[in-house]
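Chemist: Dropping a structure here in structure tokens format, bear with me for questions.
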Amino acid sequence: MIASILFNCINLGFFKYFYFFSRVLADLTGYPFFQEIQGIIHIVLPLAISFYSFQMIAAAVDARRNPNIETISLKGYFLFVLFFPVLIAGPIMRTGDFFPNLDNLEPDRNKIYNGCYLVISGLLKKVLIADPAAGIISPIFSNPEVYDSTSLILAGIGYSIQVFCDFSGLTDMARGVGALLGFYLPENFKAPFFSLSGRELWQRWHITLSFWLRDYIYFSLGGSRIAQWRTHLNLILTMTIGGFWHGADYTFIAWGFYWGVLLAGERYLETSLGWKLVPEKNIVLKVLKACIVFLLFSFGAVLFRANNASTMVQHVTGIFKNSSNKIETELASSSLFWLGDAGNLVDGGSFFLLNQMENVEKFLYLFLALVLFNWIQYVPDFWKRFRKYDPWLLTCVGVISIFLLALFSEDSGAFIYYKF
């Protein structure tokens, strides 16, 4: 087990984090060698390294923790690690998720229908929602300093829309292909944006990663079986490691730390102060709480999406400082006040105003589509009553989807999680 963990950590550390640590050393020491090392040593990041590394670690630890489980053959082990539908971006499988499928790989109607629905769902999310959202918000994340506060906030919400539809769409397609091959793969998303707390959100968002971090990092650090301050520290460390797993940059570390602090703070308020943070019956309070959790997620999305640490800081500070007439106000209080007066004579008086997000109407439609897909995940039993019409229903859904994809598809970008 130790050898497997060390091998995977060293392998992941070298290929994914070598340049990052070189950059950290360059920032700390200013030594030219660390700044130039990327031009000296050329490292090609292996495809899917983050996902198969975690699966291999899980397999080794599970075998050690449960010595009575059946020994996996070498052929079975490599089949588990290299199973292509989940190789690029998950779900992160355990051996218990994978090997029971091998006992029943006979094709059946249920798996075929489920697989087709999932592939269609993934395509619609990616092409009709994620890609258009990316086109709206990318200019804002590239130059956050020239946009007003409202646009910067909407960009965070827009990235929440994009990353959910992009990643859950990719997961749907992976699970769909798996189902067509006879495999039931674990769900990775269950209506995360209907969550009423941060803890619930992480039980619904990227579920296989959340439970991997819980089982192999959080529990290994002591979990919640120790002093309160250690429990809170364990939460922060676990989420920071989860952030660092996503990418070798300060932005991902900041994102993970942000969520660790939120989860630790939520736990402190509930367990130490006795606050009741999750409403039980009042539907209005539930909707309000879900909106608050979504906005907290969207603020974190700003950290996650930022191109680098510098633009991340610009974006976050801009949310609080970039009023639409910021430039004009600064000019008025300086010796260049006359420029502000001159600007009022140009372009309808908006010459010195900060930029605003474009295509707000499309943004609203994308947000409504996000709510729809979360609702579909939130009430899966609602759809079971229609399953007896699968042959006709799938045909109609397929034809309508082809029509929508042909009519509304835009230039498609790579899936976000391909780079992790």
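Going by the UniProt record's numbering, the sequence shown opens with residue 1, and the numbers climb by one from there. For glycine and all other residues, C-beta sits at the position ideal for the given N, C-alpha and C. In this text, all values refer to a predicted model and were calculated from it rather than measured experimentally.
(1) Which ranges would you report for the alpha helix (DSSP H) in the segment 195-281 if only whole runs of at least 4 residues count?
(2) In the DSSP assignment, find the alpha helix (DSSP H) that holds G318 and state where it starts and stops.
(3) Buried or exposed for I165, going by 16 or more other Cβ atoms inside 10 Å?
(4) What residues in its chain sit with their C-beta under 6 Å from that of L213, if we drop five residues either side in the sequence?
(5) R109 lies in the alpha helix (DSSP H); which residues open and close that run?
(6) Taking 7 Å as the threshold (C-beta atoms), are G318 and P186 in contact?
(7) Report yes if the CB atom of Y389 is closer than 7 Å to the CB atom of A248, and no otherwise.
(8) In three-state terms, what does DSSP make of N355?
(9) Considering F189, what are the terminal residues of the alpha helix (DSSP H) in which it resides?
(10) Could you work out which residue in Q35, A174, Q162, N110 is closest to A89 when comparing CA atoms only?
(11) Based on the DSSP output, what are the partners of Y147 in its beta bridges?
(12) Identify whether A48 lies in helix, strand or coil by the three-state DSSP scheme.
(13) Looking only at its chain, what residues have a beta carbon closer than 6 Å to the beta carbon of F20, apart from the 5 residues adjacent to it on each side?
(14) Cβ atoms of A301 and S160: under 7 Å apart, would you say?
(15) Are there 16 or more other CB atoms within 10 angstroms of the CB of A254, so buried, or fewer, so exposed?
(16) On the DSSP letters alone, give me the boundaries of the alpha helix (DSSP H) that G76 sits inside.
(17) Let me make sure I understand the geometry here. Which of W202, K125, W259, E106 has the alpha-carbon closest to that of F408?
(18) If you check the beta carbons only, do G156 and S323 fall under 7 Å apart?
(19) Please go through the segment 13-68 and give each complete alpha helix (DSSP H) segment of 4 or more residues, from N-terminal end onward.
(20) Helix, strand or coil for G398 per DSSP?
(21) At the level of alpha carbons, what is the spacing between L118 and I112?
(22) Count the other CB atoms, across all protein chains shown, that sit within 10 Å of the CB of Q314; report buried if there are 16 or more and exposed otherwise.
(23) Beta-carbon separation of F151 and I137 under 7 Å?
(24) So, for W202: in the same chain, excluding its five sequence neighbours on each side, which residues have a beta-carbon less than 6 Å away from its beta-carbon?
(25) Is P100 helix, strand or coil by DSSP?
(26) Taking C-beta to C-beta, are A179 and N234 nearer than 7 Å?
(27) In the DSSP assignment, find the alpha helix (DSSP H) that holds R305 and state where it starts and stops.
(28) Where does I120 land, buried or exposed, given buried means 16+ other C-beta within 10 angstroms?
Modeler: In terms of the structure at hand:
(1) 198-204, 207-213, 228-246, 250-267
(2) 309-321
(3) The question names Ile, but residue 165 in the sequence shown is Cys. Per the 10 Å Cβ criterion, buried.
(4) T238, G242
(5) 109-124
(6) no
(7) no
(8) strand
(9) No alpha helix (DSSP H) contains F189, which DSSP labels as neither H nor E.
(10) A174
(11) N355
(12) coil
(13) A248
(14) yes
(15) buried
(16) 74-81
(17) K125
(18) no
(19) 32-40, 49-65
(20) helix
(21) 10 Å
(22) buried
(23) Checking the displayed sequence, the identity of residue 151 turns out to be Ser instead of Phe. Taking 7 Å as the Cβ cut-off, S151 and I137 do not qualify as a contacting pair.
(24) S210
(25) helix
(26) no
(27) 283-305
(28) buried
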